[in-house]
Amino acid sequence: MEHTQNTPELEKLPLGPDDFSPATASEKESLVIMRESVNFWADGLRRLRKNKIAMVSLFFILLIVIFAYILPSFWPYTYDQQIKYSENLSAFEYGKTELQRIEAGESVFPHICGTDKLGRDFAVRLMMATRVSLTVGIICSICVLVIGATYGAVAGFTGGLVDDIMMRFTDILYTIPDILLIILLSITLKPRIISLAETPGFEWMQKVGANLIAMFIVFALLYWVGMARITRSQVLVLKESEYVTAARALGAGSGRIIRKHLLTNCIGTLIVTTTLQIPAAIFTESYLSFLGLGVSAPMPSLGSLATDAVKGMNTYPHLLLLPAILISVTILVFNLFGDGLRDAFDPKLKN
Amino acid sequence: MSGERNLIEIQHLQQYFPAGGRGQKRRWVQAVDDVSFFIRKGETLGLVGESGCGKTTVGRTMLRLYEPTDGRILYDGEVIYDSGRCPLQNADGSPVLDENGSPKCGVKTAVDMLPFRRKMQIVFQDPYASLDPRMTIGDIVGESIDIHKLCSSKQERRERIISLLERVGLNSEHANRYPHEFSGGQRQRVGIARALAVRPEFIVCDEPVSALDVSIQAQVVNMFEDLQREMGLTYLFIAHDLSVVKHISNRIGVMYLGKLVELADSFELIAHSVHPYTRSLISAIPVADPQVARASKRIPLQGDVPSPLNPPSGCRFRTRCPYADEQCAAEVPVFREIGPGHWAACHHLDRVEGEMTPLLPVTMG
Numbered sequence: 001m002e003h004t005q006n007t008p009e010l011e012k013l014p015l016g017p018d019d020f021s022p023a024t025a026s027e028k029e030s031l032v033i034m035r036e037s038v039n040f041w042a043d044g045l046r047r048l049r050k051n052k053i054a055m056v057s058l059f060f061i062l063l064i065v066i067f068a069y070i071l072p073s074f075w076p077y078t079y080d081q082q083i084k085y086s087e088n089l090s091a092f093e094y095g096k097t098e099l100q101r102i103e104a105g106e107s108v109f110p111h112i113c114g115t116d117k118l119g120r121d122f123a124v125r126l127m128m129a130t131r132v133s134l135t136v137g138i139i140c141s142i143c144v145l146v147i148g149a150t151y152g153a154v155a156g157f158t159g160g161l162v163d164d165i166m167m168r169f170t171d172i173l174y175t176i177p178d179i180l181l182i183i184l185l186s187i188t189l190k191p192r193i194i195s196l197a198e199t200p201g202f203e204w205m206q207k208v209g210a211n212l213i214a215m216f217i218v219f220a221l222l223y224w225v226g227m228a229r230i231t232r233s234q235v236l237v238l239k240e241s242e243y244v245t246a247a248r249a250l251g252a253g254s255g256r257i258i259r260k261h262l263l264t265n266c267i268g269t270l271i272v273t274t275t276l277q278i279p280a281a282i283f284t285e286s287y288l289s290f291l292g293l294g295v296s297a298p299m300p301s302l303g304s305l306a307t308d309a310v311k312g313m314n315t316y317p318h319l320l321l322l323p324a325i326l327i328s329v330t331i332l333v334f335n336l337f338g339d340g341l342r343d344a345f346d347p348k349l350k351n
Numbered sequence: 352m353s354g355e356r357n358l359i360e361i362q363h364l365q366q367y368f369p370a371g372g373r374g375q376k377r378r379w380v381q382a383v384d385d386v387s388f389f390i391r392k393g394e395t396l397g398l399v400g401e402s403g404c405g406k407t408t409v410g411r412t413m414l415r416l417y418e419p420t421d422g423r424i425l426y427d428g429e430v431i432y433d434s435g436r437c438p439l440q441n442a443d444g445s446p447v448l449d450e451n452g453s454p455k456c457g458v459k460t461a462v463d464m465l466p467f468r469r470k471m472q473i474v475f476q477d478p479y480a481s482l483d484p485r486m487t488i489g490d491i492v493g494e495s496i497d498i499h500k501l502c503s504s505k506q507e508r509r510e511r512i513i514s515l516l517e518r519v520g521l522n523s524e525h526a527n528r529y530p531h532e533f534s535g536g537q538r539q540r541v542g543i544a545r546a547l548a549v550r551p552e553f554i555v556c557d558e559p560v561s562a563l564d565v566s567i568q569a570q571v572v573n574m575f576e577d578l579q580r581e582m583g584l585t586y587l588f589i590a591h592d593l594s595v596v597k598h599i600s601n602r603i604g605v606m607y608l609g610k611l612v613e614l615a616d617s618f619e620l621i622a623h624s625v626h627p628y629t630r631s632l633i634s635a636i637p638v639a640d641p642q643v644a645r646a647s648k649r650i651p652l653q654g655d656v657p658s659p660l661n662p663p664s665g666c667r668f669r670t671r672c673p674y675a676d677e678q679c680a681a682e683v684p685v686f687r688e689i690g691p692g693h694w695a696a697c698h699h700l701d702r703v704e705g706e707m708t709p710l711l712p713v714t715m716g
């Protein structure tokens, strides 16, 4: 019924033979819908943004960075400034001289976290300690990245006997107890670094401290092993891939293959592993400082702040709790962010 | 179509891969052993055989993507590899003798392949693995242009890439995209465009259609034929599907466990195969006509392919061959010309020939 009713209407439609002629090239062109081309980075960032935990972690990391690197410049106290009669204050308490100044009508910036037993503002010491810990974490990770990735890439790409020897060497390094080596190196390096720091051009070493430099050296010497193994395994897989064979068939040399194919394809893994290396380095730095092998006074680090506070733990628990919480939070957010990066840029590593 | 000149020739090519062990106990995968053939300019040589028989290795070794363990490779009359251990041959295939009457070997040669990379190219089997996921299609196709510095300006490079993409049925829009945005058939076209970018004379097609579905297979095979006509290309077409190979090839070689067992003109091979293995393969091609299919006899093979780590002595096919006897276990059969342009390696060609039930005429594609 409906069909017969529709027929006259169909006849009324303004259709002619022209409407059935093949489409021209320009007409076809207008129908092609091109999706925005997504490259690796855009795709990874999109996945990262969707990951709530990673984004919250990133927010906290930014807060910590601001806390450690920017805030101390605006703080009215410095980390080594001792205020007389203001020793061992609790939060928002004022010392004797400071109370006199307030009575005289001066405004005195409050000690948000109190002061330590030498009358130093604890808030700014926390900031500086975080700065030291973060710097150690980042510099050590970069050392590990540069040494480990280069070593692993060379071993994996060369292969054969060279690879065997290089990887046995890393196995040997792996068996060395790291704490022992750090302690030994700190002791043996310290006098050398101190004498080196006196020569012009190396004054900065004085400030950083012999222990810290020994720690960098130990990290550079020992902790690249894991990175080297990961890079090697990636390079081993990638260099057997068909697109590398294709590049060789096109006449590409080793340099080009490493630059254009191997590096670009394992950069995701490298970034992820480096990010996850940062909390590990912070953790090591903290417990070494706690053992007294870290930065030299008056420079604080989160670990050394905790050591100093242990003696007065019962009376002034906040001096121990605050650096401990900061260590935990920093390590946690870096680990969570690293996990998020891994999920976004290197989904294969997830398992 | 096929000229007289041999574009590429391999003689006694051998490719062993180390498989663990050291010193005396070192074990080798005998992927390719004593394979010789030539390809004339402008022709297509098909290479068939089951999985793991060394077809792909032959193709890649010819391009020296693997360094051969023995043998000689000639391209356009020029030696590009010589192990220095295999006897020189006269034009008729007889060995060149030195003053003492013993066979003379060539000089150990391994030329720099860079100039030859522009003449010999390869299309890979797996279009998903053979394109770098971090490079755009334009950069993948343009890589050889950069390596050989074929274009002087960016504009010229871009135009050349676009013309290559258009040649294989893609368009300029695709140049800025990444491989994961393409289907298998499109990716294989990108792989072909990459191989064509250097304007090669010879292309090894390493199972280029095996990973594609059947409708796309036909498109790609037709494209290979069109390209051959237009650009005068020479192909080594590797596949395990005899029906595809017989469609595109002028001549077909059959491999079994690293050895070439038979080589002949396509029609000759399909209609008058002499080697028991080839006949078994041919009898397995499905025939579209049910009457013919019912009348033709399948020749099933018993057992599995032996391991190339430890191949059978003598003739490698003897463990599965219905004609095998003591001679097959003792002697390696010589790969010899049994008719004009028809080579085979078997001790019992006379017996196989005698028992041959004529295969029904196979229509050539």
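Protein chains in written order, with this note's numbering: chain A, 1 to 351; chain B, 352 to 716.
Quick reminder that beta carbons are idealized off the backbone N, C-alpha and C, glycines included.
Under a Cβ-count criterion, where at least 16 other Cβ atoms within 10 Å of its own Cβ denotes burial, should L45(A) be classed as buried or exposed?
For the purposes of this step, residue 45(A) is taken as residue 45 along the first sequence, with counting starting at 1. Exposed, since its Cβ has fewer than 16 Cβ neighbours within 10 Å.
Where DSSP assigns a beta bridge to Y607(B), which residues make up the other side?
Locating residue 607(B) in the second sequence gives position 256, counting from the first residue. Its beta-bridge partners are K610(B).
Under 7 Å Cβ to Cβ from L465(B), same chain only, skipping five residues before and after it: list those, please.
Looking up residue 465(B) in the second sequence gives position 114. Cβ within range, chain order: n/a, list empty.
List the residues of chain A that F475(B) touches, going by C-beta distances under 7 Å, in chain order.
In the second sequence, residue 475(B) corresponds to position 124, counting from 1. E242 and A246, listed in chain order.
Mind checking if H111(A) is an interface residue toward chain B, Cβ cutoff 9 Å exclusive?
The sequence position of residue 111(A) within the first sequence is 111, counting from 1. No, its Cβ sits nowhere closer than 9 Å to a Cβ of chain B.
Are I83(A) and R131(A) close, meaning C-beta to C-beta below 9 Å?
One-based indexing of the first sequence puts residue 83(A) at position 83. One-based indexing of the first sequence puts residue 131(A) at position 131. No, these two residues do not count as a Cβ contact at 9 Å.
Quick check on the burial criterion: 16 or more other C-beta atoms within 10 angstroms. Buried or exposed for G253(A)?
One-based indexing of the first sequence puts residue 253(A) at position 253. It is exposed - the Cβ of G253(A) has fewer than 16 other Cβ atoms within 10 Å.
Where do the N-terminal and C-terminal ends of the alpha helix (DSSP H) with N335(A) fall, by residue?
In the first sequence, counting from the first residue as 1, residue 335(A) sits at position 335. Element bounds for N335(A): P317 to F345.
Can you say whether Y85(A) is buried or exposed, counting buried as having 16 or more other CB atoms within 10 angstroms of its CB?
In the first sequence, counting from the first residue as 1, residue 85(A) sits at position 85. Exposed is the call here.
If you count every other CB in all the chains shown that lies within 10 Å of the CB of K239(A), and 16 or more means buried, which is it?
To locate residue 239(A), count along the first sequence from 1; it is residue 239. So K239(A) counts as buried.
Name the DSSP beta bridge partners of A615(B), please?
Residue numbering aside, residue 615(B) sits at position 264 when the second sequence is read from its first letter. Answer is I603(B).
For the putative contact between C437(B) and G422(B), defined by C-beta atoms under 8 Å, what is the C-beta separation to the nearest angstrom?
Residue 437(B) sits at position 86 when you count from the first residue of the second sequence. Residue 422(B) sits at position 71 when you count from the first residue of the second sequence. Right, their Cβ atoms sit about 6 Å apart.
In three-state terms, what does DSSP make of D577(B)?
Taking the second sequence and counting its residues from 1, one reaches residue 577(B) at position 226. The answer is helix: DSSP assigns D577(B) an H, G or I state.
Assign W224(A) to buried or exposed, taking buried as 16 or more other Cβ atoms, counted over all protein chains shown, within 10 Å of its Cβ.
The residue given as residue 224(A) occupies position 224 in the first sequence. Counting Cβ neighbours within 10 Å, W224(A) comes out buried, since at least 16 surround it.
Mind pulling the chain A residues with CB within less than 9 Å of E494(B)?
The residue you call residue 494(B) lines up with position 143 of the second sequence. Going along chain A in sequence order, the residues near E494(B) (Cβ under 9 Å) are A246, A247, L250, A252, R256 and K260.
Could you check the C-alpha separation between I513(B) and V605(B) for me, to the nearest Å?
The residue labelled residue 513(B) in the question sits at position 162 within the second sequence. The residue labelled residue 605(B) in the question sits at position 254 within the second sequence. I513(B) and V605(B): Cα-Cα distance of roughly 38 Å.
Check Y69(A) in the structure and name its three-state DSSP category.
Locating residue 69(A) in the first sequence gives position 69, counting from the first residue. Of the three classes helix, strand and coil, the one that applies to Y69(A) here is helix, per DSSP.
Give me the DSSP bridge partner(s) of L448(B).
Looking up residue 448(B) in the second sequence gives position 97. L448(B) is bridged to P454(B).
Any C-beta of chain B sitting closer than 9 Å to the C-beta of K350(A)?
Here residue 350(A) refers to the residue found at position 350 when the first sequence is read from its first residue. Because the pLDDT at K350(A) is just 49, under 50, the model does not fix this residue reliably, and the point stays unresolved.
Is T352(A) near L416(B), with beta carbons less than 9 Å apart?
Past the boundaries of the shown model lies residue 352(A); chain A is included only from 1 to 351, so the question cannot be answered.
Ordered along the chain, which non-local residues of its own chain (more than five positions away) have a Cβ less than 8 Å from that of L584(B)?
By one-based count along the second sequence, residue 584(B) stands at place 233. Cβ within range, chain order: G393, P551, E552, F553, I554 and L578.
Please name the residue, chosen from R528(B), L501(B) and Y628(B), that lies closest to I40(A) on a Cα-to-Cα basis.
As a position in the first sequence, residue 40(A) is number 40, starting the count at 1. According to the sequence displayed, residue 40(A) carries Phe and not Ile. The shortest Cα separation from F40(A) among R528(B), L501(B) and Y628(B) belongs to R528(B).
Below 9 Å between beta carbons: does that hold for V621(B) and L614(B)?
Taking the first residue of the second sequence as 1, we reach residue 621(B) at position 270. Taking the first residue of the second sequence as 1, we reach residue 614(B) at position 263. Checking the sequence shown, residue 621(B) turns out to be Ile, not Val. Their beta carbons are not under 9 Å apart, which means I621(B) does not touch L614(B) by this criterion.
Among F388(B), I633(B), L563(B) and G372(B), which has the Cα closest to the Cα of Q537(B)?
In the second sequence, counting from the first residue as 1, residue 537(B) sits at position 186. It is L563(B).
M471(B) bridges to which residues according to DSSP?
In the second sequence, counting from the first residue as 1, residue 471(B) sits at position 120. Answer is F553(B), bridged to M471(B).
Taking C-beta pairs closer than 7 Å, name the residues in chain A that S481(B) reaches, listed in chain order.
Position 130 of the second sequence, counted from the start, is the residue given in the question as residue 481(B). By Cβ distance, chain A contributes E242, Y243 and A246.
What would DSSP say about Q365(B), mapped onto helix, strand or coil?
Your numbering for residue 365(B) matches position 14 in the second sequence. Here Q365(B) sits in strand by DSSP.
How big is the Cα-Cα spacing for P353(A) and F92(A)?
Residue 353(A) cannot be examined here, being either before or after the span of chain A that is shown, 1 to 351.
With burial defined as no fewer than 16 other Cβ atoms inside 10 Å of the residue's Cβ, what is the status of H698(B): buried or exposed?
If you number the second sequence from 1, residue 698(B) lands on position 347. Looking at its Cβ environment, which holds 16 or more other Cβ atoms inside 10 Å, H698(B) is buried.
Flag this pair as yes or no: are the beta carbons of L322(A) and F109(A) separated by less than 9 Å?
Position 322 of the first sequence, counted from the start, is the residue given in the question as residue 322(A). Position 109 of the first sequence, counted from the start, is the residue given in the question as residue 109(A). Against a cut-off of 9 Å, the Cβ pair of F109(A) and L322(A) comes out as no contact.
Whose CA, out of A281(A), E27(A) and V65(A), lies closest to the CA of I142(A)?
For the purposes of this step, residue 142(A) is taken as residue 142 along the first sequence, with counting starting at 1. Minimum Cα distance to I142(A) is reached at A281(A).
Tell me whether the beta-carbon of A639(B) lies closer than 9 Å to the beta-carbon of S664(B).
Translated into the one-based positions of the second sequence, residue 639(B) becomes position 288. Translated into the one-based positions of the second sequence, residue 664(B) becomes position 313. Against a cut-off of 9 Å, the Cβ pair of S664(B) and A639(B) comes out as no contact.
Quick check on N51(A) - is its C-beta less than 9 Å from some C-beta in chain B?
Within the first sequence, residue 51(A) is the residue found at index 51, counting from 1. Answer no: the Cβ-Cβ gap between N51(A) and chain B never drops below 9 Å.
Return the residue from the list R47(A), A54(A), T24(A) and L15(A) that minimises the CA-CA distance to G338(A).
Stepping through the first sequence from its first residue, residue 338(A) is reached at position 338. For the residues R47(A), A54(A), T24(A) and L15(A), the minimum Cα distance to G338(A) belongs to A54(A).
Per DSSP, which one or two residues make a beta bridge with G690(B)?
Residue mapping note: residue 690(B) aligns to position 339 of the second sequence, counting from 1. Paired residues: H693(B).
Who does F718(B) pair with in a DSSP beta bridge?
In this structure chain B extends from 352 to 716, so residue 718(B) is not present and cannot be described.
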